[in-house]
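Only one structure is covered here, and it is reproduced in the block below.
Protein chains: 2
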Amino acid sequence: MDTRHLQIFLTLAELRHFGRASQACHLSPSALTRTIQRLEEELGQPLFLRDNRRVSLTPVGEQFRSYARRAVQEWRAVRSALRKTDDLTGSLSIYASVTAVYSLLPRLLESFRQAYREVQLELRTGVAEQAVGLVQNGEIDLAVAALPDRHRASLQFLPLLHTPLLFIAPPFGAGSGLPLRDGLIDLSRVPMVVPQQGLSRRRLDQWLKERRILPNISSEVSGNEALIAMVRLGCGIGIVPELVLSRSPFRDEVRILEKAPHLDPYVVGLCSSKSNLQRPVAQAFWQLAVEQAGERSGL
Amino acid sequence: MDTRHLQIFLTLAELRHFGRASQACHLSPSALTRTIQRLEEELGQPLFLRDNRRVSLTPVGEQFRSYARRAVQEWRAVRSALRKTDDLTGSLSIYASVTAVYSLLPRLLESFRQAYREVQLELRTGVAEQAVGLVQNGEIDLAVAALPDRHRASLQFLPLLHTPLLFIAPPFGAGSGLPLRDGLIDLSRVPMVVPQQGLSRRRLDQWLKERRILPNISSEVSGNEALIAMVRLGCGIGIVPELVLSRSPFRDEVRILEKAPHLDPYVVGLCSSKSNLQRPVAQAFWQLAVEQAGERSGL
DNA sequence: CTCCATGTTGCTTATTTTGCAACATGATAT
DNA sequence: ATATCATGTTGCAAAATAAGCAACATGGAG
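So the protein lines, in turn, are chains A and B.
First residue of the first sequence: 1, per my numbering; consecutive thereafter.
First residue of the second sequence: 1001, per my numbering; consecutive thereafter.
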């Protein structure tokens, strides 16, 4: 039994999804499938139930999981205890959007700090849109930000957190005095405050394009926080990730619209270049993120 | 980290000898060397000190050894706990010489029994000379007996125990009234009781041939026990493994000759065919024997 | 009923591990 | 001192193992 295989098993057990797990392990789906098959063959028992829609652990799988956790942990322990040239040393630069800094970065940084005390961490915040570029040109090692829908092959992405995109409106005129169309708010008539760019803008544009609707854009802003402020002032309705709204000081001064279009959720995740992920430090951070993602979804 | 590599490491740690360890693992010496090298590279530290005469563990190696023991043991535990088709089931037939039955088989059988309760053990005793033949034609799985000096490639041997070959003489005539030559007993003149065949006979023949001595053979017997009896009766001097003599009821009725030729020690060990060692049951027994061999030498 | 998401299988390619033979090294014997 | 032996290590080719790609199942959702 190889700890690498246990690691892979653990990732799949966390994510419960072959495709995503294989990405997280930097493997092709077929390689993952086969690794699991070998494990199952070794034990003569299935570890996962695949019902072609969801993946779940069998009872045997659960037991094996607790063994795997222990085994991997113990291996890491001796290794770091006995290793002379501790390669988990050096520095790691992380770029994060404001959203990320407040939502999932705290836990992530905390546990990384605890596990790898020697690593010099450097944290930069900024707007999500820059993240990919900075990773790509090697200015930073990892980015935690809203993920683009598509990306180059040289980059790796790991979705960590989904949060719905909410339509919000100013609080006044308590009745929902907004024009409707097909039971939903008519976006061609209601004035909107939209971000200049970013994931929520792309989501909106896509939705509008599919329905050939021309929006009534009253103003374009940069940054989710700014958008909330504008909506509060009455400039129009806007779109914001629930995660951001819930942390905003204005959260009680805007109204969440129920009869709004349903957009795909806002995805925050980890991004790095494949070349960077060769570095053990980056790998360690990545692995930690995978584990935390699993814990969260397991709740 | 792969448990197989840990297993190999443990074997070398027990035997402290690359050549023998590689045999015990059914590997070529180079493969063993490289496995250890990879381990050492992984930790960035040497695990063994090779001073071209003896092999020993470094302090780091000792620490790693305790980890390896635990890891292998835990892996075996989950595996046997979760495995549905417990392949360590079935039967194992063992052939043993009388010497073996009394010397190292008890401990070996006891721990095997304890570890693999499900396995049906079948034990046959007989003369050592038959052992190899029975293994070769597949009548039995394993033999514990005196080992031949050379053997076919299809067979595997694992030396477990060395015991010196002693020259013994009848007790009467308390003075060592035997003719000498070059300070040793002159075997061309003293009557001898020798086994018809077997390891001690081969050792004797070889010794005589090297020195071009024609022995004075008074009688040939079959079996070490018979030989002791004949010597006691005064038929001549004889050769017997210390191990056998020490358990003989006649041990105080014969005299051990000091001024005797020095023969290579009598070697008792495990023998099996390579094809048989594919079976997990046989492998388990073999591995157990390796471990016990290490413990003994470690004393 | 088609399309989509998702896991699996066939086959080729890449990586890792093994074995053989030659080599290095240091001790023992002559 | 020199030959010889025992023993571990290295170069290189072969074998085994794992990975990736593309095509294929399978079961929902639109």
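Glycine included, each C-beta is placed from N, C-alpha and C at the ideal position.
Since the model is a prediction, treat every value here as computed from it, not as a measurement.
{"query": "If distances are taken between C-alpha atoms only, which option among Leu-1158/B, Leu-1057/B, Glu-1042/B comes closest to Leu-1049/B?", "result": "Leu-1057/B"}
{"query": "Could you please give the first and the last residue of the uninterrupted alpha helix (DSSP H) stretch that includes Ile-1008/B?", "result": "1003-1015"}
{"query": "Looking at the structure shown, is Val-1240/B part of a helix, part of a strand, or coil, going by DSSP?", "result": "strand"}
{"query": "Looking only at its own chain, which residues have a Cβ that is under 8 Å from the Cβ of Ile-168/A, when we skip the five neighbours before and after it?", "result": "Ile-228, Val-231, Ile-237, Gly-238, Ile-239, Val-240, Leu-245, Val-254, Arg-255, Ile-256, Leu-257"}
{"query": "Measuring CB to CB, does Val-1290/B end up less than 8 Å from Ala-1100/B?", "result": "no"}
{"query": "Apply the 10 Å Cβ neighbour rule to Pro-59/A and answer buried if 16 or more other Cβ atoms are within range, or exposed otherwise.", "result": "exposed"}
{"query": "Terminal residues of the continuous alpha helix (DSSP H) containing Ser-1111/B?", "result": "1105-1115"}
{"query": "Helix, strand or coil for Ser-1028/B, going by three-state DSSP, please let me know.", "result": "coil"}
{"query": "How many whole angstroms separate the CB atoms of Glu-14/A and Ala-293/A, which I take to be in contact at a CB cut-off of 8 Å?", "result": "7 Å"}
{"query": "Just the Cα atoms here: how many angstroms apart are Leu-1104/B and Leu-1277/B?", "result": "20 Å"}
{"query": "Could you pull the DSSP bridge partners for Ala-1146/B from this structure?", "result": "Val-1268/B"}
{"query": "Do Ala-1260/B and Ile-1213/B come within 8 Å of each other at the CB atom, strictly closer than that value?", "result": "no"}
{"query": "In whole angstroms, what separates the C-alpha of Tyr-1067/B from that of Trp-1075/B?", "result": "12 Å"}
{"query": "Starting from the N-terminal side, write out each stretch of the beta strand (DSSP E) that is 3 residues or longer and does not extend beyond the segment 1035-1075 of chain B.", "result": "1048-1050, 1055-1057"}
{"query": "Would a check of beta-carbon distances place Gln-311/A closer than 8 Å to chain B?", "result": "Absent from the model: residue 311/A. The displayed extent of chain A is 1 to 299, so no value can be given."}
{"query": "Along chain B, in chain order, which residues have C-beta atoms closer than 9 Å to that of Lys-259/A?", "result": "Within chain B, no residue comes near Lys-259/A; the closest Cβ sits about 52 Å away, beyond 9 Å."}
{"query": "Leaving aside the five residues before and after Gly-1061/B along the sequence, list all residues of the same chain whose C-beta is less than 8 Å from its C-beta, in chain order.", "result": "Ala-1013, Pro-1046, Leu-1047, Phe-1048"}
{"query": "Give me the residue from Asp-1002/B, Leu-1178/B, Glu-1210/B, Pro-1170/B with the minimum Cα distance to Val-1193/B.", "result": "Pro-1170/B"}
{"query": "Whole angstroms are fine: how far does the CA of Leu-233/A sit from the CA of Asn-137/A?", "result": "39 Å"}
{"query": "Using a C-beta to C-beta distance shorter than 7 Å, which residues of chain A count as neighbours of Phe-1064/B?", "result": "Val-78, Leu-82"}
{"query": "Output needed in chain order: residues of the segment 1043-1077 of chain B with a Cβ under 8 Å from some Cβ in chain A.", "result": "Leu-1043, Gly-1044, Gln-1045, Val-1060, Gln-1063, Phe-1064, Tyr-1067, Arg-1070, Ala-1071, Glu-1074, Trp-1075"}
{"query": "Leaving aside the five residues before and after Phe-1112/B along the sequence, list all residues of the same chain whose C-beta is less than 7 Å from its C-beta, in chain order.", "result": "Phe-1285, Leu-1288"}
{"query": "Indicate whether Ala-1096/B and Ala-1143/B have their beta-carbon atoms separated by less than 8 Å.", "result": "yes"}
{"query": "Taking 7 Å as the cut-off, is the C-beta of Phe-1064/B nearer than that to any heavy atom in the ligand NAP?", "result": "The ligand NAP is absent from the structure shown, which contains no ligand whatsoever."}
{"query": "DSSP three-state label for Leu-1299/B, please.", "result": "Reliability fails at Leu-1299/B, whose pLDDT of 42 lies under 50, so the model's placement of it is uncertain and the value that follows must be treated cautiously. Note: Leu-1299/B maps to coil in three-state DSSP."}
{"query": "Does Thr-1099/B come within less than 8 Å of chain A when only Cβ atoms are used?", "result": "no"}
{"query": "Quick one: residues in its chain with C-beta nearer than 7 Å to the C-beta of Arg-189/A, no 5 flanking neighbours on either side, listed in chain order?", "result": "Pro-179, Asn-216"}
{"query": "Please name the residues in the segment 7-34 of chain A whose beta-carbon is closer than 8 Å to at least one beta-carbon of chain B, in chain order.", "result": "none"}
{"query": "Kindly list the residues whose CB is nearer than 7 Å to the CB of Gln-1007/B, restricted to its own chain and excluding five residues on each side of it in sequence; keep chain order.", "result": "Val-1072"}
{"query": "Going along chain B, which residues have a C-beta under 8 Å from Asp-2/A?", "result": "Met-1001, Asp-1002, Thr-1003"}
{"query": "Pop quiz: Tyr-1266/B and Thr-1163/B are said to be a contact at Cβ under 8 Å. What is the actual Cβ separation, rounded to whole angstroms?", "result": "5 Å"}
{"query": "Within the 8 Å Cβ cut-off, does Val-1290/B reach chain A?", "result": "no"}
{"query": "Which of the three DSSP states, helix, strand or coil, is assigned to Glu-1220/B?", "result": "strand"}
{"query": "For Gln-1114/B and Leu-32/A, what's the separation of their Cα atoms in angstroms?", "result": "37 Å"}
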